[in-house]
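K.L.:
Attaching a single structure in structure tokens format; questions to follow.
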Amino acid sequence: MADPQSNPVAYVSGRAATQGRVSGLHARFMLFAPYRWFHGMLSRTGLSSRTLVIMVPYLWLLMFFLAPFLIVLKISFSEVLIARPPYSALFEMVDDTYLQLRLNLENYLLLLEDDLYWKAYLSSIRIAAISTLITLLVGYPIAYAMARAPRQWRLTLLMAVILPFWTSFLIRVYAWIGILKKEGLMNLFLMKIGLIEQPLTLLNTDIAVFIGIVYSYLPFMVLPLYANLEKMDESLLEAASDLGCKPLKAFWKITLPLSIPGIVAGCFLVFIPAVGEFVIPDLLGGSDTLMIGKTLWAEFFNNRDWPLSSAVAVLLLLLLIVPIMIFQRVQQKQGGVG
Amino acid sequence: MNRGFTWFNGVSLVLGFGFLYLPILLLIVYSFNESKLVTVWAGFSTKWYGALLENQGLLDAAWVTFRVAFVSSTVATILGLVAGLMLSRFGAFRGRVLFSGMIYAPLVMPEVITGLSLLLMFVAISFDRGFVTVTIAHITFSMCYVAVVVQSRLISFDRSIEEAAMDLGCPPGRTFLLITLPVIMPAIVSGWLLSFTLSLDDLVIASFTTGPGATTLPMKIYSQVRLGVTPEINAVSTILVGIVAVGVVIASVLAKRDEARRAQDERLAAAAP
Amino acid sequence: MTEAGGAPRHKTVEPWNDPGQSPYIQIAGVSKRFGAFVAVDNVSVDIFKGEFFALLGPSGCGKTTLLRMLAGFEEPSQGRIMLEGEDMSTVPPYQRPVNMMFQSYALFPHMTVESNIAFGLKQDRVPKDEIVRRVAEMIQLVQLDDFAKRKPHQLSGGQRQRVALARSLVKKPKMLLLDEPLGALDKKLREQTQFELMNIQEELGITFVIVTHDQEEAMTVSSRIAVMDHGRIIQVATPAEIYEYPNSRYVAEFIGDVNTLEGRITQLGTDFIEIKSAQAACRIRAGHGVEAPVGGAVWVAIRPEKLNISVTPPDDTSVNCMRGEVWDIGYLGNLSIYHVRLESGQMVTSCLTNQTRLVERAITWEDSVYLTWAPSSCVVLTG
């Protein structure tokens, strides 16, 4: 290859070639009108193509996420009208000279006065909290067993936990109707083994809602728990048993405390969506099962009271912001440590 | 590790997976029931599947759902890819906090709120509701999922391979196309699949944002479910579950074969000098 | 492939001592700050064509940042980097005639060995048949003929390292930068690869700049070493000079083992100086001068292998002779290390080649011993 004295030759054209190619491409594209127009716009506004790339998803989210939410906020302060759209304007021109802001707090007052609403809020939290606890109790042994399973099984088990998540949520909830109803499979089974004589009322009760939430959100609990338990160093338990700690006690003293980050993550991942859940209480719960998502839906679709349902939405969000913030804090802290 | 695998763990797994899969299995079994009554087994039959083919409303809804899912997941993947890149690569740009807030918020936002707010906005700008609005709504939340998937892939991405490409004379834009994109492609594909299933699955947001002529399959199923359990819905559900199951099984078999080949390659490589 | 490849290695050319030679790469007053942190602090050094130049230092000393500035991944906050007299400071990496071999190898995981190596040539629109030819040459050079169609994950660590090397050499860069190139290899393979690197470097005549924290590696491969600490270059010299004549305690202690004894100058002769050290409890005579006045505080550095150990006293026990007791013995097989406690309480080490079997060892624990050395084998340091 070479005489050590000779100059390396690959770079004869190095810098010039690259630049030439880029500007050549540009020149060729300039033949097309849209590119020319686009380029002209860009250079007039002084925007770089990088800024433009940033702007598309940014604008999209501003338009379809932030703006709609501001509109909800706005409508929650207006009055219901039988019109199109069925709510009053927030700003009104008075005598064509000044703008009048009419904040209507009636919707919020109604939410506070009518105990239906705040009961629905409290009941949402209660149902979500109880379901989260049950999910934890059901999910922990599963995650633990998965993490201790032989290594070659683990990937398959993990897939098996995730698989239901990919199938339709609605269908999974629907499947329980057939099981829980009065002449359903659960009652059939319980009567067959002689545990009960009369069929139990399971469907359209809070119990059915608990079952539905636990069933639907179980993967959200198992996955973070598994991730946590799986990476736990088993030599810690060996050290504990070497120092004379019995297995059950080692679990209490070592495994459980170390898995707290997983428990916290799992609980938030179940609790937060469960509070605003609509499908499960609607299909499995009874008419006395109060959940705020259901109330909002009814206010909107049945009563067509848009301002009131907007106010319900705003308050629901305020309710959720606290756990969401705490969750983010916890995650960040863990991220910082890990 | 086997030492820790006791009878307790075995029972947990059996009960846990039984709980996860039994309802779906029962649903599938009863979709082949001759009787209209769900609880009475009256012999094997595929007549409910036949009935589906005659249910034009259901077929229309399925077609709408598929189109919405395809368009929304494709657009969401592109937007989500850009958003994921912005979050992990663009450093501090103006409004970054707001942007990452807007990416993460839809993931925890109750669907009823997302749906309601989008609907109210479409009304406010008097945009006719239908196929387009449902698609826009699905793009909005799907792109956030894609962004998160892409971002987490980019975080674990060894940036020195991009530097190596530039060092070898490849300008930044081309480095992205030739190196970054192919390497993160699996994440992009799974982002697309995730968007697709989320869109197929969505009832609440679609119910808010849809208009006449754009009834999706979940909406159709929901309105029938409210009237009670029917074998027909069982049959639809079985088909949907079947499609997903086949897809996931194929994907995991491929992944497993890939894994096995990789492991073999690595053994081979380790044996070499 | 060339006569240089077969011939034994001679290192008689020393362009840095030749005033007629102009430097190939000039690093002139280069600093790099990240916020308040100064990673590289006013570094100036000249590198000559065909050199195998090592940047040596502990992790965080700024050596990698300096290398990344040479590659163009970082822009200097201050100063200039010149290549053949042309300022490179602001030229982006993809336009520099410089290639880099990454610590992680940074092989493209989705490309075969061949396409990895061909990548750089394709970027320069080299004609197809030439790409094929040059890639084949490279694959042969690094002995990967049987692996051309494999992907990186199908290769062992040593093979990946060779692909990375081939990929960075195929463009025949004016300078090859190597960032801890052998760090991921095990010891045996690393030593073998060091010699391969040296052969390839001589064969191609490309200037190599290597970053390493491994002093043995730097000593083995390089023509000159720059020892760095806290963003500064402490000393630039050939491996032998660095070892025999370190310019500071930092360099002496960083390269190899050393005993340092504190003392004060008592006499400045024409070709020697004399030092009194309380730690040594004797007069120390050193063979060469130092820029310090009589009475100035200095350190005397003596390498363990230059310290003779014996149970019988020498003729003159007043100069360069310390007494102590054997505290501990480390047996390394080829040599033994004696930790000796001096009468002042100071510990020093001396090492002896084990020319006889272990059982016949003359010196053992708690023996009273004499440590002596020649005036020419110690170095006097002022800082």
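Chains as they are written, first to last, in this note's numbering: chain A, 1 to 338; chain B, 1001 to 1273; chain C, 2001 to 2383.
All C-beta atoms in this analysis are idealised placements derived from N, C-alpha and C, irrespective of residue type, glycine included.
Would you kindly work out how many angstroms separate the C-alpha atoms of A/Leu190 and A/Ile196, rounded to a whole number?
P.N.:
In the first sequence, the residue the question calls residue 190 of chain A occupies position 190. In the first sequence, the residue the question calls residue 196 of chain A occupies position 196. Going by the C-alpha atoms only, they are around 6 Å apart.
K.L.:
Under 8 Å between the Cβ atoms of B/Leu1217 and B/Ser1142?
P.N.:
The residue you call residue 1217 of chain B lines up with position 217 of the second sequence. The residue you call residue 1142 of chain B lines up with position 142 of the second sequence. Taking 8 Å as the Cβ cut-off, B/Leu1217 and B/Ser1142 do not qualify as a contacting pair.
K.L.:
For C/Ile2027, collect the residues of the same chain with a Cβ closer than 7 Å to its Cβ; drop the 5 residues on either side in sequence, then sort them by chain order.
P.N.:
Along the third sequence, read from residue 1 onward, the residue named residue 2027 of chain C stands at position 27. Excluding positions up to five away in sequence, the list reads Val2043, Ser2044, Val2045 and Ile2081.
K.L.:
If distances are taken between C-alpha atoms only, which option among C/Leu2169, C/Thr2064, C/Lys2187 and C/Trp2016 comes closest to C/Gly2158?
P.N.:
Counting from one through the third sequence, the residue named residue 2158 of chain C turns up at place 158. Considering only alpha carbons, the answer is C/Lys2187.
K.L.:
Does the beta carbon of C/Asn1993 come closer than 8 Å to any beta carbon on chain B?
P.N.:
The first residue shown for chain C is 2001 and the last is 2383, placing residue 1993 of chain C beyond what the model contains.
K.L.:
At a Cβ cut of 7 Å, what residues of the segment 2055-2077 of chain C count as close to chain B, listed as they run along the chain?
P.N.:
Answer set for the segment 2055-2077 of chain C: Ala2071 and Phe2073.
K.L.:
Show which residues of chain B have a CB atom less than 8 Å away from the CB atom of C/Ala2106.
P.N.:
The residue you call residue 2106 of chain C lines up with position 106 of the third sequence. Neighbours of C/Ala2106 on chain B, chain order: Asp1158, Ser1160, Ile1161, Glu1163 and Ala1164.
K.L.:
If we count the other Cβ atoms within 10 Å of its Cβ and call it buried at 16 or more, is A/Asp3 buried or exposed?
P.N.:
Translated into positions along the first sequence, residue 3 of chain A becomes position 3. With a pLDDT of 41 at A/Asp3, under the threshold of 50, the predicted position of this residue should be treated as unreliable, though the coordinate-derived value follows. It counts as exposed.
K.L.:
Assuming C/His2339 is part of the beta strand (DSSP E), what are its boundary residues?
P.N.:
Here residue 2339 of chain C is taken as the residue at index 339 of the third sequence, counted from 1. Residues Leu2335 to Leu2342.
K.L.:
Smallest Cα separation from B/Gln1151: which of B/Trp1007, B/Tyr1104, B/Leu1026 and B/Glu1232?
P.N.:
What you label residue 1151 of chain B is simply residue 151 of the second sequence in a count that begins at 1. It is B/Tyr1104 whose Cα lies nearest to the Cα of B/Gln1151.
K.L.:
Are any of the Cβ atoms in chain B nearer than 8 Å to that of C/Gln2140?
P.N.:
Reading the third sequence from its first residue, position 140 is the one you call residue 2140 of chain C. Chain B contact via Cβ: absent.
K.L.:
Within the 8 Å Cβ cut-off, does A/Ser310 reach chain B?
P.N.:
The sequence position of residue 310 of chain A within the first sequence is 310, counting from 1. Yes - at least one Cβ of chain B is within 8 Å of the one on A/Ser310.
K.L.:
Checking contacts by CB at 8 Å: is C/Pro2093 closer than that to chain B?
P.N.:
The residue given as residue 2093 of chain C occupies position 93 in the third sequence. It does: the Cβ of C/Pro2093 has a partner Cβ on chain B nearer than 8 Å.
K.L.:
Give the DSSP-derived three-state secondary structure of C/Thr2266 in the structure shown.
P.N.:
Walking along the third sequence from the start, residue 2266 of chain C turns up at place 266. C/Thr2266 falls in the strand class under three-state DSSP.
K.L.:
For A/Ala227, which of A/Tyr140, A/Leu73, A/Ile177 and A/Gly178 has the nearest alpha-carbon?
P.N.:
Within the first sequence, residue 227 of chain A is the residue found at index 227, counting from 1. It is A/Tyr140.
K.L.:
How about A/Pro281 and A/Met291: do their beta carbons lie closer than 8 Å?
P.N.:
Counting from one through the first sequence, the residue named residue 281 of chain A turns up at place 281. Counting from one through the first sequence, the residue named residue 291 of chain A turns up at place 291. Their beta carbons are under 8 Å apart, which means A/Pro281 touches A/Met291 by this criterion.
K.L.:
Start and end of the beta strand (DSSP E) containing C/Asn2099?
P.N.:
The residue labelled residue 2099 of chain C in the question sits at position 99 within the third sequence. That run of the beta strand (DSSP E) goes Val2098 to Met2101.
K.L.:
Could you tell me the alpha carbon to alpha carbon distance between A/Asp115 and A/Tyr121, rounded to whole angstroms?
P.N.:
Position 115 of the first sequence, counting from 1, holds the residue named residue 115 of chain A. Position 121 of the first sequence, counting from 1, holds the residue named residue 121 of chain A. Roughly 10 Å between the two C-alpha positions.
K.L.:
Could you tell me which residues DSSP puts in a beta bridge with A/Phe165?
P.N.:
Here residue 165 of chain A corresponds to residue number 165 of the first sequence, with the count starting at 1. For A/Phe165, which the question treats as bridged, DSSP gives no partner whatsoever.
K.L.:
Tell me, please, whether the CB atom of B/Leu1020 is closer than 8 Å to any CB atom in chain A?
P.N.:
Translated into positions along the second sequence, residue 1020 of chain B becomes position 20. Yes - at least one Cβ of chain A is within 8 Å of the one on B/Leu1020.
K.L.:
Helix, strand or coil for B/Phe1093, going by three-state DSSP, please let me know.
P.N.:
Here the question's residue 1093 of chain B lines up with position 93 in the second sequence. Of the three classes helix, strand and coil, the one that applies to B/Phe1093 here is coil, per DSSP.
K.L.:
In chain B, what lies closer than 7 Å to A/Leu66 by C-beta?
P.N.:
Along the first sequence, read from residue 1 onward, the residue named residue 66 of chain A stands at position 66. Here the neighbours are Met1102.
K.L.:
Please identify the residue among A/Gln331, A/Val330 and A/Phe278 whose C-alpha is closest to the C-alpha of B/Ile1113.
P.N.:
Taking the second sequence and counting its residues from 1, the one referred to as residue 1113 of chain B is at position 113. Of the candidates A/Gln331, A/Val330 and A/Phe278, the one whose C-alpha sits nearest the C-alpha of B/Ile1113 is A/Phe278.
K.L.:
Going by beta-carbon coordinates alone, are C/Ala2281 and C/Ser2344 separated by less than 8 Å?
P.N.:
In the third sequence, residue 2281 of chain C corresponds to position 281, counting from 1. In the third sequence, residue 2344 of chain C corresponds to position 344, counting from 1. Against a cut-off of 8 Å, the Cβ pair of C/Ser2344 and C/Ala2281 comes out as a contact.
K.L.:
Have a look at the DSSP bridge pairing and note the partners of B/Ile1250.
P.N.:
In the second sequence, the residue the question calls residue 1250 of chain B occupies position 250. DSSP lists no partner for B/Ile1250.
K.L.:
Apart from the five residues on each side of it in sequence, which residues of its chain come closer than 7 Å, Cβ to Cβ, to C/Arg2068?
P.N.:
For the purposes of this step, residue 2068 of chain C is taken as residue 68 along the third sequence, with counting starting at 1. Cβ within range, chain order: Glu2074.
K.L.:
Going by the beta-carbon positions, is the gap between A/Tyr87 and A/Thr295 smaller than 8 Å?
P.N.:
Numbered from its first residue, the first sequence carries residue 87 of chain A at position 87. Numbered from its first residue, the first sequence carries residue 295 of chain A at position 295. Going by C-beta atoms, A/Tyr87 is not nearer than 8 Å to A/Thr295.
K.L.:
Can you list the residues of chain B that A/Gly293 reaches, using a CB-CB cut of under 7 Å?
P.N.:
Counted from its first residue, the first sequence places residue 293 of chain A at position 293. Those are Pro1110 and Val1112, listed as they occur along chain B.
K.L.:
Distance check for A/Tyr174 and A/Leu155, CA to CA, integer angstroms please.
P.N.:
Locating residue 155 of chain A in the first sequence gives position 155, counting from the first residue. Locating residue 174 of chain A in the first sequence gives position 174, counting from the first residue. Near 29 Å, if we compare the C-alpha coordinates of A/Tyr174 and A/Leu155.
K.L.:
Where C/Asp2041 and A/Ile263 are concerned, what is the direct C-alpha to C-alpha distance, given to the nearest angstrom?
P.N.:
The residue you call residue 2041 of chain C lines up with position 41 of the third sequence. The residue you call residue 263 of chain A lines up with position 263 of the first sequence. Each residue's Cα considered, the two are about 48 Å apart.
K.L.:
Would you list, in chain order, the members of the segment 2103-2136 of chain C that have their beta-carbon closer than 8 Å to a beta-carbon of chain B?
P.N.:
Cβ contacts with chain B come from Gln2103, Ser2104, Ala2106, Leu2107, Phe2108, Pro2109, His2110, Phe2119, Gly2120, Gln2123 and Asp2124.
K.L.:
Answer with yes or no whether the minimum CB distance from A/Thr289 to chain B is below 8 Å.
P.N.:
Locating residue 289 of chain A in the first sequence gives position 289, counting from the first residue. Cβ-Cβ to chain B under 8 Å: no for A/Thr289.
K.L.:
Would you list the residues sitting across from C/Ile2309 in a DSSP beta bridge?
P.N.:
In the third sequence, counting from the first residue as 1, residue 2309 of chain C sits at position 309. DSSP, once it has assigned bridges, lists C/Leu2371 as partnering C/Ile2309.
K.L.:
Using a C-beta to C-beta distance shorter than 8 Å, which residues of chain B count as neighbours of C/Gln2154?
P.N.:
Taking the third sequence and counting its residues from 1, the one referred to as residue 2154 of chain C is at position 154. Asp1265, Glu1266, Leu1268 and Ala1269, listed in chain order.
K.L.:
Can you tell me where the alpha helix (DSSP H) holding B/Cys1144 begins and where it ends?
P.N.:
Translated into positions along the second sequence, residue 1144 of chain B becomes position 144. First-last of the alpha helix (DSSP H) with B/Cys1144: Phe1131 to Ile1155.
K.L.:
Within 8 Å (strictly less), CB to CB, does C/Asn2099 reach chain B?
P.N.:
What you label residue 2099 of chain C is simply residue 99 of the third sequence in a count that begins at 1. With 8 Å as the cut-off, C/Asn2099 counts as an interface residue toward chain B.
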